[in-house]
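J.: Using my numbering, the letters of the sequence shown map in sequence onto residues 233 to 727. Just so you know, even glycine gets a beta-carbon here, dropped at the ideal spot from N, CA and C. This is the structure I have questions about; it appears just below.
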Amino acid sequence: MQMPQPDADVIARRAEIIKAMQGIISGEGVIADTDELRAYDHDGLMAYKGLPLVVVLPETTEQVSDILKYCHDNNVKIVPRGAGTGLSGGALPLADAITLGLGKFKKILEIDFDNRTVITQPGVTNLALTQAVEHEGFYYAPDPSSQIACSIGGNVAENAGGVHCLKYGLTTNNVLGIEMVLMSGEVVRFGGKHLDSGGYDLLGVANGSEGLLGVITEVTVRILRKPETARALLVGFPSNESAGDCVAAIISAGIIPGGMEMMDKPAIHATEDFVHAGYPLDVQALLIVELDGPEAEVEHLIERVDGIANQTGATYLKISQSDAEREVFWSGRKNAFPAVGRISPDYLCMDGTIPRHRLADVLKRVEELSQKYNLRVANVFHAGDGNLHPLILFDANQPGELENAENFGADILRYCVEVGGVLTGEHGVGIEKRDLMGEMFTEDDMNHQQRLKCAFDPAGLLNPGKVYPTLHRCAELGRMYVHHGKLPFPDIPRF
Numbered sequence: 233m234q235m236p237q238p239d240a241d242v243i244a245r246r247a248e249i250i251k252a253m254q255g256i257i258s259g260e261g262v263i264a265d266t267d268e269l270r271a272y273d274h275d276g277l278m279a280y281k282g283l284p285l286v287v288v289l290p291e292t293t294e295q296v297s298d299i300l301k302y303c304h305d306n307n308v309k310i311v312p313r314g315a316g317t318g319l320s321g322g323a324l325p326l327a328d329a330i331t332l333g334l335g336k337f338k339k340i341l342e343i344d345f346d347n348r349t350v351i352t353q354p355g356v357t358n359l360a361l362t363q364a365v366e367h368e369g370f371y372y373a374p375d376p377s378s379q380i381a382c383s384i385g386g387n388v389a390e391n392a393g394g395v396h397c398l399k400y401g402l403t404t405n406n407v408l409g410i411e412m413v414l415m416s417g418e419v420v421r422f423g424g425k426h427l428d429s430g431g432y433d434l435l436g437v438a439n440g441s442e443g444l445l446g447v448i449t450e451v452t453v454r455i456l457r458k459p460e461t462a463r464a465l466l467v468g469f470p471s472n473e474s475a476g477d478c479v480a481a482i483i484s485a486g487i488i489p490g491g492m493e494m495m496d497k498p499a500i501h502a503t504e505d506f507v508h509a510g511y512p513l514d515v516q517a518l519l520i521v522e523l524d525g526p527e528a529e530v531e532h533l534i535e536r537v538d539g540i541a542n543q544t545g546a547t548y549l550k551i552s553q554s555d556a557e558r559e560v561f562w563s564g565r566k567n568a569f570p571a572v573g574r575i576s577p578d579y580l581c582m583d584g585t586i587p588r589h590r591l592a593d594v595l596k597r598v599e600e601l602s603q604k605y606n607l608r609v610a611n612v613f614h615a616g617d618g619n620l621h622p623l624i625l626f627d628a629n630q631p632g633e634l635e636n637a638e639n640f641g642a643d644i645l646r647y648c649v650e651v652g653g654v655l656t657g658e659h660g661v662g663i664e665k666r667d668l669m670g671e672m673f674t675e676d677d678m679n680h681q682q683r684l685k686c687a688f689d690p691a692g693l694l695n696p697g698k699v700y701p702t703l704h705r706c707a708e709l710g711r712m713y714v715h716h717g718k719l720p721f722p723d724i725p726r727f
């Protein structure tokens, strides 16, 4: 993995840049001490680290606007950062770039139960949104495993999912509007409380844009009524193939569970030792299937899923009898990543998405690659929508093991694309999958994508080195319609 060579001129101007930032943000909002910068030297992809030029922690949209305008006028790069829980290196700092942390944007600005919306700042954690509205029987549907720590702004940047995304959608399906600061310092709004906006789908473009287009300073999300009833089933199988067959059969029967997760034997044992959720240890694969809705419907669906499970070879089935027991079932899956961290010094968490009917094929290929690279792997994934999370176990202290793990992961993602899937389901491309983009997209495809980035960021100052293996200058892409840093979207409301 290589990043762009740092700009020596910008590094030479570090003291000048720090002084300018201190003129915008007073007090402890500018971090320049080497030891203090180490807290920001990586995100959740801890295999790669580097110190930023300086870290700035604004508290208002006006401050963010002033910072970006300064960087725009002085050719200084910016790396936006949320809670730092991302797993693709999207917030990896650069030696010649300001890391812009949004951790102080932590207020919920408005709760509107009548319109079922919440307006929040981007630093608010995912779980805090649900906690703010659950007293009225509402919740925020997307629930990444890191929801206790990950921020809603980061969720938007990566289009995060979670165990309930099968039925209720990813972040993009639950975000109604955003406020975003452009590289020029302009503040724009896309969407709002209404369901759909006219014109170009710029809100859709911003979701999952990985910090390449602007800095998000406000988010409007939809909230949902808590279902009347929710029950979870633990279903054990003698093989990954039979579990995969059950997943396909449930969906083909027209049943859309609230969540449907799958774990293989290594993941089952690691999580049970860590959480003690009551998982069976004599099965090769385990499904967690949650059914929600009116009580009569849920009871009917439980019977149907029970029948499908038996037809596909299930050897174990347990149904939650209370909300507390249902939450215990989910606690193991939600803690799978830290659980695996107890059995291996290091691990890489992959993120590829495949057609559901290819689950068994891909798991077989993962096992073959495990033997090829002589590295263990534990599989946990959102089975309902085919989003795989193989956890490749390695020891970075052993020479060559990190490189082996990277090659192992790259081969998994290549196979995901080969069987008709995609490189990422929710973690983003960042630097982790950047050099694999050519496996999925042609050079023309990527050039067209970069033309869109150029419309927002003509000088390429926002999060450079991420997503695209080769970043072309905007002029090389024929972008003659943007001049003097002005956007070709005159109808965007500016503030």
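#1: How is Lys458 classed by DSSP in three states: helix, strand or coil?
#2: Please specify which runs of the beta strand (DSSP E), each continuous and at least 3 residues long, are wholly inside the stretch 635 to 697, giving them in chain order.
#3: Buried or exposed for Ser258, please, with buried defined as at least 16 other CB atoms from any protein chain shown within 10 angstroms of its CB.
#4: Kindly indicate which three-state DSSP category Gly255 falls into: helix, strand or coil?
#5: Can you name the residues that DSSP bridges to Glu450?
#6: Are the CB atoms of Ala499 and Ala541 within a distance shorter than 9 angstroms?
#7: Note down the Cα distance separating Phe613 from Glu473, rounded to an integer number of angstroms.
#8: Alpha carbon to alpha carbon, what distance is there between Ala528 and Lys665?
#9: With burial defined as no fewer than 16 other Cβ atoms inside 10 Å of the residue's Cβ, what is the status of Ala392: buried or exposed?
#10: Hey, how far is the Cα of Leu595 from the Cα of His659?
#11: Can you name, in chain order, every residue of its own chain whose Cβ lies under 7 angstroms from the Cβ of Ala475, other than the five neighbours on each side?
#12: Curious, which full-length alpha helix (DSSP H) runs of at least 4 residues does the stretch 462 to 501 contain?
#13: According to DSSP, is Phe584 part of a helix, a strand, or is it coil?
#14: Whole angstroms is fine: what's the gap from Gln681's alpha carbon to Thr293's?
#15: Where does Tyr432 land, buried or exposed, given buried means 16+ other C-beta within 10 angstroms?
#16: Taking 8 angstroms as the threshold, find out whether the stretch 262 to 277 comes into contact with the stretch 318 to 328 through three or more Cβ pairs.
#17: Based on DSSP bridge pairs, tell me the residues matched to His614.
#18: Just the Cα atoms here: how many angstroms apart are Gly662 and Asn439?
#19: Straight-line CA distance for Pro512 to Ala502?
#20: Check for me: the beta strand (DSSP E) holding Tyr548 runs from which residue to which?
#21: For Glu390, count neighbouring Cβ atoms within 10 angstroms of its own Cβ and tell me buried if that reaches 16, exposed if not.
#22: Here's a check: name, in chain order, each residue in its chain whose Cβ is nearer than 6 angstroms to the Cβ of Leu750, leaving out the five neighbours to either side.
#23: Does the beta-carbon distance from Phe626 to Ser602 come in below 9 angstroms?
#24: Using a Cβ distance threshold of 8 angstroms, determine whether the stretch 580 to 591 contacts the stretch 641 to 657, with at least three qualifying pairs required.
#25: Less than 8 angstroms between the CB atoms is what I'm expecting for Ser554 and Val413, so what's the real figure, rounded?
#26: Taking the alpha helix (DSSP H) that Glu566 belongs to, which residues open and close that run?
#27: Looking at the structure shown, is Thr734 part of a helix, part of a strand, or coil, going by DSSP?
#28: Beta-carbon separation of Gly355 and Gly318 under 9 angstroms?
#29: Where does Gln237 sit, in a helix, a strand or coil, going by DSSP?
#30: Could you check if Leu398 is buried or exposed, using at least 16 other CB atoms within 10 Å of its CB as the buried criterion?
#31: Just to confirm, is the Cβ distance from Cys729 to Asn358 under 9 angstroms?
#32: What number of angstroms, rounded off, separates the C-alpha of Arg270 from the C-alpha of Glu531?
#33: At what residues does the alpha helix (DSSP H) containing Ala541 begin and finish?
#34: Would you identify the three-state DSSP class for Gly205, choosing helix, strand or coil?
#35: Give every residue of the same chain whose Cβ lies closer than 7 angstroms to the Cβ of Ala252, excluding the five residues on either side of it in the sequence, and list them in chain order.
#36: Give me the residue from Ala687, Arg590, Asp524, Phe506 with the minimum Cα distance to Val560.
T.: Inspection of the coordinates gives the following:
#1: coil
#2: none
#3: exposed
#4: Three-state result, Gly255: helix.
#5: The beta-bridge partner set that DSSP reports for Glu450 consists of Glu411.
#6: no
#7: 14 angstroms
#8: 45 angstroms
#9: buried
#10: Each residue's CA atom was taken as its position, placing Leu595 and His659 some 20 angstroms apart.
#11: Phe469, Met494, Ala517, Leu519
#12: 472 to 484
#13: One detail in the question is off: residue 584 reads as Gly in this sequence, not Phe. Looking at Gly584 - three-state DSSP - the assignment turns out to be strand.
#14: Rounded to whole angstroms, Gln681 to Thr293 spans 27 angstroms at the Cα level.
#15: exposed
#16: yes
#17: Asn619
#18: Each residue's alpha carbon lies about 14 angstroms from the other.
#19: 12 angstroms
#20: 548 to 551
#21: buried
#22: Residue 750 lies beyond the range of the chain shown here (233 to 727); nothing can be said about it.
#23: no
#24: Counting Cβ pairs under 8 angstroms, three or more are found: they touch.
#25: Not really, about 46 angstroms apart at Cβ, beyond 8 angstroms.
#26: Note that residue 566 is Lys in the sequence shown, not Glu. From DSSP, the alpha helix (DSSP H) with Lys566 extends over 555 to 566.
#27: A query on residue 734 cannot be resolved here, the shown segment of the chain reaching from 233 to 727 and no further.
#28: No.
#29: coil
#30: buried
#31: A question about residue 729 goes unanswered here, because the residues of the chain that appear run from 233 up to 727.
#32: 52 angstroms
#33: Per DSSP, Ala541 is one residue of the alpha helix (DSSP H) stretching across 527 to 543.
#34: Since the displayed the chain opens at 233 and closes at 727, residue 205 lies outside it and no answer follows.
#35: Tyr302
#36: Taking only the C-alpha atoms, the option nearest Val560 is Phe506.
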